[in-house]
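Before any comments, here is the structure.
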Amino acid sequence: MIEIAIHIAFVLVSAALALNAWRLLKGPSAPDRILALDTLYINTIALLVVFGIHIKSMVYFEAALLIALMGFIGTIAMCKYLLRGDIIE
Amino acid sequence: MGLAYLTLVPFFGAILTKLSTRLGRYSSAWVAILSATLSLFLLWPLAIQVWQGETIIQRIGPWLPELGIDLAFRLDGLSLLFSLMILLVGLIVVIYARYYLSPRDSMGRFYAYLLLFMGSMLGVVLSENIIQLLMFWELTSLSSFLLISYWQQREEASRGARMALTITGGGGLAMLGGFLLLGNMAGSYDLSDILLAGDAIRSHEHYSSMLLLILLGVFTKSAQFPFHFWLPNAMAAPTPVSAYLHSATMVKAGIFLLARLFPALAGTPEWTWIVSGIGIVTFLTGSYIALFKHDMKALLAYSTISHLGLIVALFGIGTPLAVVAGVFHIINHATFKASLFMLAGIVDHETGTRDMRQLRGLRRYMPYTAALMVIAAAAMAGIPGLNGFVSKEMFLEQVVVYGDTFAPSWLLPAIVTAGAVFSAAYSIRIAHNVFFGGEPADLPKAPHDPSSGMQIPVAILVAACVVVGLFPAIAQPLVTLVAGSALQSAPPAFHLAIWHGLTPALWMSAVALAGGILVYRQREAFFSLQSLVDGRIDAKIIYNGVMRRLFAWSSAITMNADNLSQKRMLWILFVTAIVLGGYGFLSGGGPLAGNRAMLPVDPMSAMVAIIMMAAALATVIMHQQRFTALILVSAVGLGVALTFVKFSAPDLALTQLAVEFITAVLLLLALFFLPQATPDEQDRLRQARDIVIAVFSGLGIAALSYAVLTREYETIADYFIANSVSGGGGANVVNVLLVDFRGFDTMGEITVLALAGLGIYAMLDQLKLLSPKQDAEGRPWNPDTHPLILATFSRILLPLAMLVAVFILLRGHNLPGGGFIAGLITSAALIVQYLANGVEWTRSKLPANTHPLIGYGLLTAASTGVASWYFGYPFLTSTFEHVHLPLLGEFELASAMAFDIGVFLVVVGTSLLILINLGMIHQVSYLPRIGKNTGGKEPKPARAAAIDKAEKTTTKKQEDMPWKR
Amino acid sequence: MSHLAIVPLLLPLFTGIFLLLLREQRIYVKRAISGISSIALIAVAAKLLCTVSDGSILVYSLSNWPAPFGIVLMADRLAALLVLTTSLLSLFALVYGMRGTDRQGRQFHILFQLQLFGLNGAFLTADLFNLFVFFEVLLLASYSLLLHGGGRKRIRSGLHFVVINVVGSSLFLFAVGVLYGILGTLNMADMAVKVVHVSADNVGLVKAAALLLFVVFALKAALLPLYLWLPSAYSQTSAPAAALFAIMTKVGAYSILRVYTLVFGNEAGPFANLLDGWLLGMALATIVIGSFGLLGSKRLRQQVAYLVVISAGTLLTGFSLESPAGIAAGLYYLPHTTFAAAALFLLADLIVQRRDQMEDRLEAGLVITRQKFLGATFFILAIIASGLPPLSGFIGKFMLLRAALEHPALPYIMAIILANGLLTVIAMARTGTLFFFEAHAVDTSTNTYIKQGEPEPLRVRELLPILSLLSLCVLMTFWAGPINSYCLDTASQLLDTPSYIHAVLGKVEQ
Amino acid sequence: MEALISILIGILTAGGVYLCLRSHTFPVVLGLTLLSYAVNLFLFMMGRLVIGKPPIISEQAGSYADPLPQALVLTAIVISFAMTAYIIVLALKARTEMGNDHVDGKEVR
Amino acid sequence: MQRFLPHPLLTVILGVIWLLLNNSIDPGQIALGLLLGWAIPFFALQFWPDKLKVHKPLTLLKFSGILLYDIIEANFIVAMRILGKPEKLRPAFIVVPIDLDSDFAMSILANTTCLTPGSLSALLAPDRKSILVHTIDVDDIDAFIHTIKTRYELPLKEIFEE
Amino acid sequence: MNIVLEILLSLLIVTGALLTFIGSLGLARLRDFYTRLHGPTKGTTLGVGSLLIASSIFFSVQGDGVSLHEVLITLFLFITAPISAHLLAKSALHLKVESLVPLPDEAIARKNSQHKPYQTLD
Ligand code: NA
Ligand code: NA
């Protein structure tokens, strides 16, 4: 049963990724793209978690953790750029 | 050893003269005289032996034994004759120059160069090994370059010198090729072997190319047509130099070589045709042009050319008697031509000009000079009773004999006679034109006979002309000896005499003389005739033209080649790679796909891959909107990390993610100062080219990767998996590889990182950038410098991130993680502090200059490596221990961890150094604040001061710096 | 156990680290440290050379893991020769740098030492990927040394230099990747073993990788058509950097020699003499283009840069003959040309300083201070560079041509080498006469007697390096015999792959 | 899967190469970044495609992915990171020195 | 106390997080966790200008409970909105007046509004007296403002201020 | 593991994935930036959250000890998502990204303009 759930999850998350990508390419505004990238990061975590359950391995926990961390600070860096241009001032 | 010494004496003399200049102006002259005489003195005993028919060969010993170059000297008749000429004429010239040179000229330099040349010339004629000979040969070119350009400030001097060097030096290089082949044919570079190997050489397949190369050397040196033109231009040299180099010695070096190698090379049709042909052409052209030269020295130069041609022709004809005649004419020409040069020098010296259009009737003012000149000129013209006549007769005779060998038999004698007519004419001119006729017109100086010091040397030589001319027989033994050694066999019976009966040769001379007088009388007509072609078919002009074009073309090619276009460099590199790689792949054969079982494609991977491709292509397409492109690239980066996850590389995923962020921050920082958009590139054609290149590169790499991925392979990897835990003390094989198996890679890697940090720091050092006041659309920046929410949460983030970093660092050895990733996380967390709270605020809590961090990191890593020496193991050998602490449980302590901590420190240090300093490029505006606490000291350069300040604050609150604890 | 093989790496590394941690800001302290370390390095290199000159091969297993699993350093005659050359060169470049270049920017000495770390590492490592790492080390150090001091032109050529080298590094990784993907190893000796048994299907792949690798090395060695980065980069940078860089194209040449004698050498089965046809052609073409560059240059330093290009072509011509004699000729030529080029770069700098805004443009300017001395030095260096007798240049070319006598391409080789000699003579003679003969002592504009340049005499730290490098060339002439026999031994050692393989992999059994 | 990955790497390479051939510094930097992605993936793939077998020794796991390429790629990532950082700053330096961000310092506007 | 144990609460929190990270509670890890929890604040706290105090831990827990519930609810609401017809949405920008002094409380509030039904804070007025909130679909604006003030602002005030 | 647990897990996984998907759907199909912003901030966050919980339960029952570290990520996401959302909205307003409803009146903008940058109190 879990296997089925996992496969459904894969499909859904993949679809989610596709939607993010579409927004990423389409834009139109810079915040749109940043948002799309941010969501891409978070969805990737979902992907990793499902994958982890799928292969019954926890080795990708740190990866997920790091994606969360880097996705966040990446986003704020880009926002800072839009707001101030100079991100370290 | 004698020969070696007498060759070296002039070289030492040269050094001495340079030193002796402080001892007074003429001391150098004395040194020169002494060294010449000393060499003569050393030559004497050996000369006697040679006179008795010996050939002396002295081996100094091996120098480059593997290459068959041993220093060895050889003295036989031929080399004796030349060394005598070199030393005797040299001595005379030295004395002459002592009086000739004006007080302005540096005697020391002159004699140094002259002796340098003398030594090199001796080396040429005395060498047994032809490579050694070649070395001295090129040395003569170099020293003559120095002598010709003696009056450096005169442009024609340095130009003439360069021309001479180019021609003769080039010839020498050709000769190097020739000698290599020759040595190869003879199996040795020693003359004694080569001279015996004549038949082997002549029958060798490369004979003709070898001959050509060597003859190039000969003809350039001896100013044979078409290389003759350098000689007249070398007349910019002081007269003593011309007298020495351009009559007696250097130009004869070519002749010497002809004679020297005669037994080995001569006797083939190639030899005969080329050598005699060139000789006769030179003889004719030389004597013809000489007539039209108004400068005495120029006239003599061309006459020298023509006489050299004569001698060359004789060796070309190549009959034993011809060789005898050649040898004899060498001697005669040396004597009368040297004296003529010196006489011209005297005239120049006394009247201040050498222009025969000004000079006339000097006999009243300088009778002795006139007398000497008349005799010497007569010798050159070949008037009976003088040495010139005797050898010329022999030449004409040979020409007649040789002329019979092909039809029409009158042709060759006719040509030669024509040449003889002109040489008679210019000989008459140089004597009559200068010393007879009306009063000299407006001369720069009032002419009178020179000091005896200048006249006696000439007189000696002229006397020699007369004596030999009247009693040729005295020259017989010398000529016999020389000819013998040149032929390497007993010369045929001959006797030198004035009267041989009414031979055709005699008639030819008579005709020549008569014609000469006639031509001289009608010279004006000839001059006007010549003036029509003047400057059109002049070899010098052609040479200069060639040179000019050579330089022009070269600079065109060069400019075109390195026009500093990065694009070009790159696309050439890519194309080369594609071509070679493609060639290798195709030439090797084999199918594209291997037979390894392939993995199925699951929808998720497909999706990720497609997204990555899309993002990548979008990056390329939208690269002109830079910020967008930047976002897209980060998406690709995320995809890369995912790929690493998918294919079992957690460590790589972590690293990729961390690097991704820091790179993005870097790009953002850069983007702030760079234009927001890339202008469109007009050149569509180039764009198309780039697309083609890109596509091919992509295809190539894709093919390679596909080919490898579908093939099985055996790898050393199992060893690592087997030994990771037992030998490396870590379960995470990748980490063990990084800190242990291949720890040295990591050592280099962190050095690279540190270097990047240092380099960037250095680049930013004086870098000042004005920050744009508004964004690309012209909107002013948002006034809220540090959004509250961000500021607040960034602070909560810090301890968490640090905890995570420690977590990643400590577990790295057994689970995904390690120093590098931990370092990146730490710096990321700290960067967020800068991001959220600003540089100045953060810098008051963190050092902006993290050099020490980098240093300590490297030190830790490297010392961990060296520590293993103490235990007698190689660099970087790791060790680990499982320690059991009561109630805390078991810990593993591995030396590798120390190494990893080193890595950690370097990473933190570098990434902070880079980002913070990059963030502070425009810190100027913040300086006042810092100036306040620096106690009003004027900080410069601004940024450096800012950093020092930062260091101060940090050293103040050192206990706050984790790495200080 | 003996650590001799790794000392040439650790010495500069630790010196660099120490200088980095040194809070001391007074320049002469840094100079002292750096200088002493460089002298020590020469001693170490000499010791190394003596140790291996008997034909023994030092193998040093880092982290105590045997080859092919761990990285091993390997010091044979070739490596020792190059390390010694590097250390000698570096000392004199460094001393010249003390005339003030090291003040112009930060961290000159650190960069310099780490550059040495990279160079020696590249020469001593026996592992292909490790070679890549050291390439990067020496490149990054060289980037900063190249840019040291700054300035518009320097930055531009620096940018090009960096970008093209980064691309080159990517190529390197592609090549290494394929080689590992097929052969499953990175140690060059082990590769040599594996290469022989490559299945017919995989030959194409390995060939592709090998040739890609060649492209990378050719780029570093500045062979036609990949030399374009060199002239501007070398002629724009500071004198000591340029002088040190005289060895950098040799790293490329070294790698070609190493990889294509060991891994793809005579015994490499399907890959035996892989470069036949490519290398010789490219090398000769490089000489040709270099000669044109030499004639076409507008500035002296540009000319010297082209001399470097030519030298790369020349010594690779030697290597491409694949005969002991040819390789030996190339090996003799290598240090000679390195020292000569370095000396010329330094001399050019002295001239530049004395000609004000004329710099080293090839035009007759005013008479400069110490004209006679500089002229004489230039004259001798020109002789060395153009290969005229009797100095090392001539011997090198002689060896080369002699080695080529039996080669089918002899006519081309001889023609190009000799023609290049002539063109070099022409170019150098022109430069020399322009700078030293046709220089006028009177300023025509103001009709005043003028000597350009710094009035004070040449300082030791200026003279010493140039004269030492020059005398190194002279010594190479006197000791041509022993040096040549060393080179011949080196060549035969290189061509004797099995013994090399045994030396490196022999340890596996133990 | 192998084909898919190869195509991916190919496209990354092509994109990188094309951008490297642009005449302004920023696109070139992007190009080099793409190129480095391609290189790292390529080098990594030389250990072949293995799913769910990270080279971390444990009792459960039977076989492992080839750790060596992973270690190499780690080094490669670090180095290319250093290079990218260096070039970015160099681009800024060039911008100030040359007054524009054209790779050859040519003003094309 | 201050000097040797700068922030006990943080120490404990970090210790717990450490155990979470390591997924273990064996004594060694506990010790290490506490050690780090003790060490890290020395460095980290200098970035905390104002040291936040929690006055009513219980209220904090209650608040968290409410929040968790709201979050889950909010997500389903938004999900519905997304799945519904986009044209039907009635988004709006709403200015919510605030009287909180502590930066931290402000931030928390701003965050909270983001996680709760169909709204997210877009701007924090410079004078800190109001936040601008964007709502995806709201009919009664005053009700919305009231909810925010009573349901979130009040407890936060109690927790972080007095 | 017992069936109840399996069902629970499967439910968590599917719901999580579903929420994630819906969040992204919102990102894709909503009609202005500000409304789009809601989707990911909420849907995705919670979706991932529940997936993480699922993973946590899954690995806890797998045997080797309880696995709670997923909680960390969940908490982290809940804390950070609003911040990113806030900043995104802020920058969108700054860039005047067009919206369905009129952008807030100039009042705030004016306040902003006479606002002095945030100073930290140390
Ligand atoms: Na900044
Ligand atoms: Na070089």
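Protein chains in written order, with the numbering used here: chain A, 29 to 117; chain B, 15 to 979; chain C, 2 to 511; chain D, -9 to 99; chain E, 1490 to 1651; chain F, 117 to 238.
Every residue gets a Cβ at the ideal spot worked out from N, C-alpha and C, and that includes glycine.
Predicted model, so just to flag it, every value in this text is computed and none were measured.
Inter-residue CB distance, residue i and residue j (contact presumed, cutoff 8 Å)
| i | j | result |
| --- | --- | --- |
| leucine 280 of chain C | serine 321 of chain C | 4 Å |
| leucine 783 of chain B | isoleucine 586 of chain B | About 33 Å; that fails the 8 Å criterion. |
| leucine 183 of chain F | phenylalanine 175 of chain F | At residue 183 of chain F the sequence reads serine, which differs from the leucine that was named. So it is a contact: roughly 4 Å between Cβ atoms. |
| glutamine 105 of chain C | arginine 155 of chain C | Rounded, the Cβ-Cβ distance is 11 Å, inconsistent with contact. |
| asparagine 198 of chain B | leucine 402 of chain C | Between leucine 402 of chain C and asparagine 198 of chain B the Cβ distance is about 10 Å, and since that is not below 8 Å, they are no contact. |
With 16 other Cβ atoms within 10 Å as the buried cut-off, status of residue i
| i | result |
| --- | --- |
| valine 120 of chain F | exposed |
| glutamine 66 of chain B | exposed |
| methionine 75 of chain C | buried |
| glycine 205 of chain C | buried |
| threonine 339 of chain C | buried |
| alanine 964 of chain B | Low confidence applies here, because alanine 964 of chain B scores a pLDDT of 44, under 50, leaving its location unreliable and the question unanswered by this model. |
| glycine 712 of chain B | buried |
| lysine 951 of chain B | The predicted position of lysine 951 of chain B is uncertain, since its pLDDT is 36 and thus under 50; a value taken from the coordinates is nonetheless stated next. Counting Cβ neighbours within 10 Å, lysine 951 of chain B comes out exposed, since fewer than 16 surround it. |
| tyrosine 109 of chain A | buried |
| phenylalanine 124 of chain C | buried |
C-beta contact flag for residue i and residue j at 8 Å
| i | j | result |
| --- | --- | --- |
| alanine 745 of chain B | serine 48 of chain D | yes |
| tyrosine 97 of chain C | proline 466 of chain C | yes |
| lysine 1646 of chain E | alanine 1599 of chain E | no |
Spatially closest choice to residue i from the options, by CA coordinates
| i | options | result |
| --- | --- | --- |
| alanine 193 of chain C | C:Leu148, C:Phe162 and C:Asp128 | C:Asp128 |
| threonine 196 of chain F | B:Thr856, B:Gln167, B:Thr806 and B:Pro866 | B:Thr806 |
| leucine 348 of chain C | C:Leu363, C:Ala326 and C:Leu382 | C:Leu382 |
| leucine 146 of chain F | E:Cys1603, E:His1623, E:His1635 and E:Leu1578 | E:Leu1578 |
| isoleucine 930 of chain B | B:Phe905, B:Gly771, B:Leu829 and B:Gly879 | B:Gly771 |
Quick one: which unbroken alpha helix (DSSP H) runs of 4-plus residues sit fully inside the segment 395 to 445 of chain C? Chain order, please.
Along the segment 395 to 445 of chain C, the alpha helix (DSSP H) occurs as fully enclosed runs of 4 or more residues at 411 to 433, listed in sequence order.
4-residue-minimum alpha helix (DSSP H) runs that sit fully inside the segment 106 to 141 of chain C, ordered along the chain:
109 to 125
Give, in chain order, every unbroken run of the alpha helix (DSSP H) that is at least 4 residues long and sits entirely within the segment 475 to 541 of chain B.
490 to 501 and 518 to 535
In the segment 56 to 98 of chain B, which residue ranges form an unbroken beta strand (DSSP E) of at least 3 residues, counting only runs that do not cross its ends?
Here the runs fully enclosed are 70 to 78 and 83 to 89.
Restricting to runs no shorter than 4 residues, where is the alpha helix (DSSP H) found entirely within the segment 384 to 467 of chain B?
401 to 418 and 425 to 449
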